[in-house]
């Protein structure tokens, strides 16, 4: 849940400063250590609010968080979440994750592997393949057609639009 970060209770700047000194991120490093420490393989790190809160304002911390989770758990045990109920359209988070890479100095110092291409194995696994495997979804299965409900109509309208919309739903501060 939120990669074990205590969102809004602890400063990402303080966590990044601690990480730069020690390689440790409170709670998240502890979560990432569970598989090796206890010999289990049923622990996953979810990156939703944890990524959203750092991706734009502090991408170095976002890279440290993702690198820590992948190094400890393996990229096959990190799953994507957007918490879009709080943040509106998740497209900005998706674009930020596609562009994210572990800085070279951080990778060398902490032994982090590169995240790779936007559509590469690591990011594709985190974006959806890991959750599909976890929930035993057959991605090649033929599914029955979805009815003509409001969601299907909205999808059809969006497919015919010239460009996608990153319109934010929920609380949006109006400029004066």
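In the working numbering, the protein residues as written are 12 to 187.
Beta carbons are placed, not taken as given, at the ideal position from N, Cα and C, and that holds for glycine.
- Task: Hey, could you find the ends of the beta strand (DSSP E) residue 57 is sitting in?
- Result: Its beta strand (DSSP E) spans residues 56-58.
- Name the residue from 103, 92, 126 whose alpha carbon lies nearest to the alpha carbon of residue 113. Ranking 103, 92, 126 by Cα distance to residue 113 puts 126 first.
- Task: Using three-state DSSP, classify residue 91 as helix, strand or coil.
- Result: strand
- Task: Could you say if the segment 98-109 and the segment 140-149 meet the contact criterion of at least three C-beta pairs nearer than 8 Å?
- Result: no
- Could you name the residues of the same chain whose beta carbon sits closer than 7 Å to that of residue 45, not counting the 5 residues immediately before and after it, in chain order? By the criterion of a C-beta distance shorter than 7 Å, residue 45 is surrounded in its chain by 51, 54, once the five residues flanking it on both sides are discounted.
- Task: Excluding the 5 residues preceding and the 5 following residue 185 in the sequence, name in chain order all residues of the same chain whose CB lies nearer than 6 Å to its CB.
- Result: none
- Task: Please classify residue 104: is it buried, with 16 or more other beta-carbons within 10 angstroms of its beta-carbon, or exposed?
- Result: buried
- Task: Quick one: which unbroken alpha helix (DSSP H) runs of 4-plus residues sit fully inside the segment 81-127? Chain order, please.
- Result: 95-98, 102-110, 115-121
- Hey, quick one: how far does the alpha helix (DSSP H) through residue 174 stretch, first residue to last? Unbroken run through residue 174: none, as it is neither H nor E.
- Message: Starting from residue 141, trace the alpha helix (DSSP H) in both directions and tell me its first and last residue.
- Response: 141-145
- Query: Does the separation of the CB atoms of residue 138 and residue 91 fall below 8 Å?
  - Reply: yes
- With contact counted as at least three CB pairs below 8 Å, one residue from each stretch, are the segment 150-157 and the segment 130-137 in contact? no
- Going by the beta-carbon positions, is the gap between residue 56 and residue 117 smaller than 8 Å? no
- Going by the beta-carbon positions, is the gap between residue 37 and residue 24 smaller than 8 Å? no
- residue 133 - containing alpha helix (DSSP H), residue span: 132-135
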